[in-house]
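First the structure, in the form of structure tokens, and then the observations on it.
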Ligand SMILES: [Zn+2]
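Numbering (our numbering), first residue to last: 11 to 359.
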């Protein structure tokens, strides 16, 4: 049996349609019939080789589908089960995995879609331990953007920023695929949510989503507006851009006891990716600020994100969808930073 696959021949290159044999799941692995795949900046980072792995490689890290075959020794799953999963190849045994922080696995082997073949294909083989069940009530196609674009915001809201109801929370880069779900997540946690976005078209469309206030980051002193909108007490600022400008202005807008969360994957893609954050020690002391990093989400958090979607608390926002064979068009849209919300590759047509 054969399948279609979009293959990256070499880092930095373009994707090419190939016909390949359907892979067989080894011990502890499952074969998944792919329904949909999310596409965003993580993929562009993988394409450029910033997240490791090797080529030629089938890309695609965030997927939904149904189990088509089980490898030897796989228990707890059946053919036909609807699944998504973590794209980290964590070990499940180290001290980080055992303490529920599998994204920080000491033996992480890399990512699905970079180190091993991903889901830009009719079928993908993944370790069974990576799987997360998709509950009935979540549309399978929409589940294709939950494992990263929704789960990452859940990890930020609950484990890193620890958002509590009534806090004022700003999201920088709010119109992107993860940012837009971060807005919804902060709202679901009961926050007053401020969207910061520099693209005029995205800013207009954000008005119809969830934020309580919008800040136009194309204006030179937007940090002043941000601080004012938060009435001087911005509790949390989540930065999906991570540039010298956004980090310095975001930190400047924080109120007392504020938390700044660096969440961006943009630094990989910019010429100033080696830039550092500069902050006066006494500014940190006087306001008792926190600066945090954040990294993806665990399987438990992906499962909870699926429940939030099932309960209608989060609505997956698919900004554009492309058939599998046009995945390269999606990359161009990512590079142009054009798409509002998350992009989806539809592997069923
Ligand atoms: Zn581990």
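The C-beta atom is built at its ideal place from N, Cα and C for all residues, glycine as well.
Since the structure is predicted, the reported quantities are computational estimates derived from the model, not experimental observations.
So, at 6 Å on beta carbons, what are the nonlocal neighbours of residue 297 in its own chain, with the 5 sequence-adjacent residues on each side left out?
Taken in chain order, the residues that qualify are 266.
Using three-state DSSP, classify residue 300 as helix, strand or coil.
Of the three classes helix, strand and coil, the one that applies to residue 300 here is strand, per DSSP.
Determine whether the beta carbon atoms of residue 150 and residue 74 lie at a separation below 8 Å.
Yes; because the gap between Cβ atoms is below 8 Å, this pair is in contact.
When the Cα atoms are used, what is the spatial distance from residue 306 to residue 120?
Approximately 13 Å between the Cα atoms of the pair.
What is the DSSP secondary structure of residue 140, counted as helix, strand or coil?
It is helical.
Taking the alpha-carbon positions, what's the residue 344 to residue 326 distance?
Using only the alpha carbons, I get a separation of about 18 Å.
Where does residue 272 sit, in a helix, a strand or coil, going by DSSP?
The answer is strand: DSSP assigns residue 272 an E or B state.
Which parts of the segment 61-121 are runs of the alpha helix (DSSP H), unbroken and 4 residues or longer, counting only runs that do not cross its ends?
List check, alpha helix (DSSP H) in window: 105-108.
Go through the residues and name those whose CB comes closer than 7 Å to any heavy atom of ligand 1, in chain order.
Result (chain order): 100, 101, 102, 103, 104, 106, 107, 112, 115, 116, 117, 118.
Checking the sheet assignment: what are the DSSP bridge partners for residue 8?
No answer is possible for residue 8: the residues shown for the chain start at 11 and end at 359.
What number of angstroms, rounded off, separates the C-alpha of residue 13 from the C-alpha of residue 351?
When rounded, the distance between both Cα atoms is 29 Å.
Report the option in 228, 284, 215, 68 whose CA atom is closest to the CA atom of residue 133.
For the residues 228, 284, 215, 68, the minimum Cα distance to residue 133 belongs to 68.
My output table needs one value for residue 16: the three-state DSSP class, helix, strand or coil.
It is a strand residue.
Let me make sure I understand the geometry here. Which of 124, 177, 45, 247 has the alpha-carbon closest to that of residue 153?
Nearest C-alpha to residue 153: 45.
Using CA atoms only, rank isn't needed, just tell me which of 135, 248, 148 is closest to residue 184.
Comparing Cα-Cα distances from residue 184 to each of 135, 248, 148, the minimum goes to 248.
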